[in-house]
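Participant: Provided herewith is a single structure, encoded as structure tokens, for subsequent inquiry.
Residue numbers (the numbering used here): -18 to 147.
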């Protein structure tokens, strides 16, 4: 079975709300701190990692670049906690997510994260592993460490899906 083509959508808070949070300064609550010398963009995402004895951890993931077209053959999810990806560079990356129907992911949606955007996948949201574009890119990742099974993978039938330039 041939791969099913899917289109790339712009990453916006409204389009992504069912999957988690878009992490960006646009539209964020702004607070001036440190005697007015620093802008704080306040409370940008919901970190949800405490279930079943979990704790928050911060890591750096280094994503190797992919060139389009990209094959999407599998997705994963973390049933015990959220997972945030905040790029340390100013390079685009793809955000691939899928809605859940009775424990099985639907066809994926693909978003293009622009400069200044990160994402926080809500608990139990199907998503593809990191897909950097153009350059190697480091990401701050905030997720869960602790007991329990916090990784489920799903492999699509056939060749899965193909993401091409839109």
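Ideal placement from N, C-alpha and C gives every residue a C-beta, glycine not left out.
This one's a predicted model, so the numbers in the text were calculated from it and none came from an experiment.
Nearest-angstrom Cα distance between residue 43 and residue 15?
Facilitator: Looking at the two C-alpha atoms, the distance is approximately 32 Å.
Participant: On a Cα-Cα basis, can you pick out the residue from 34, -16, 26, -4 that is closest to residue 127?
Facilitator: Comparing Cα-Cα distances from residue 127 to each of 34, -16, 26, -4, the minimum goes to 34.
Participant: Considering only the beta carbon of each residue, do residue 59 and residue 131 sit closer than 8 Å?
Facilitator: For residue 59 and residue 131, yes; Cβs fall inside 8 Å.
Participant: Counting C-beta neighbours from all protein chains within 10 Å, is the total for residue 125 16 or more, i.e. buried, or is it exposed?
Facilitator: So residue 125 ends up on the buried side.
Participant: For the candidate residues 61, 87, 38, 98, whose alpha-carbon lies nearest to that of residue 55?
Facilitator: It is 87 whose Cα lies nearest to the Cα of residue 55.
Participant: Output needed for residue 2: all residues of its chain with C-beta closer than 6 Å, excluding positions within five of it in sequence on either side, in chain order.
Facilitator: Once the five neighbours on either side are set aside, the close Cβ partners of residue 2 are 26, 101.
Participant: In this structure, what does DSSP give as the bridge partners for residue 101?
Facilitator: The partner list for residue 101 (beta bridge, DSSP) reads 2, 65.
Participant: Are residue 85 and residue 108 close, meaning C-beta to C-beta below 8 Å?
Facilitator: Taking 8 Å as the Cβ cut-off, residue 85 and residue 108 do not qualify as a contacting pair.
Participant: For a test of the three-state rule: what should DSSP assign to residue 33, helix, strand or coil?
Facilitator: Note: residue 33 maps to helix in three-state DSSP.
Participant: Could you give the residue range of the beta strand (DSSP E) that holds residue 79?
Facilitator: Unbroken beta strand (DSSP E) run through residue 79: 74 to 79.
Participant: For residue 113 and residue 31, I'd like the C-alpha separation in whole angstroms.
Facilitator: Rounded to the nearest angstrom, the two C-alpha atoms are 29 Å apart.
Participant: By Cβ distance below 7 Å, which residues in the same chain neighbour residue 49 in space, the five residues on each side in sequence not counted?
Facilitator: Closer than 7 Å at Cβ, skipping near neighbours: 144, 145, 146.
Participant: Buried or exposed for residue 136, please, with buried defined as at least 16 other CB atoms from any protein chain shown within 10 angstroms of its CB.
Facilitator: Burial call: exposed.
Participant: In the DSSP output, which residue or residues are listed as bridge partners for residue 113?
Facilitator: For residue 113, which the question treats as bridged, DSSP gives the partners 46, 74.
Participant: If you measure from the CB of residue 71, is any heavy atom of the ligand SAH nearer than 7 Å?
Facilitator: Ligands in the displayed structure: none, and consequently the ligand SAH is not present.
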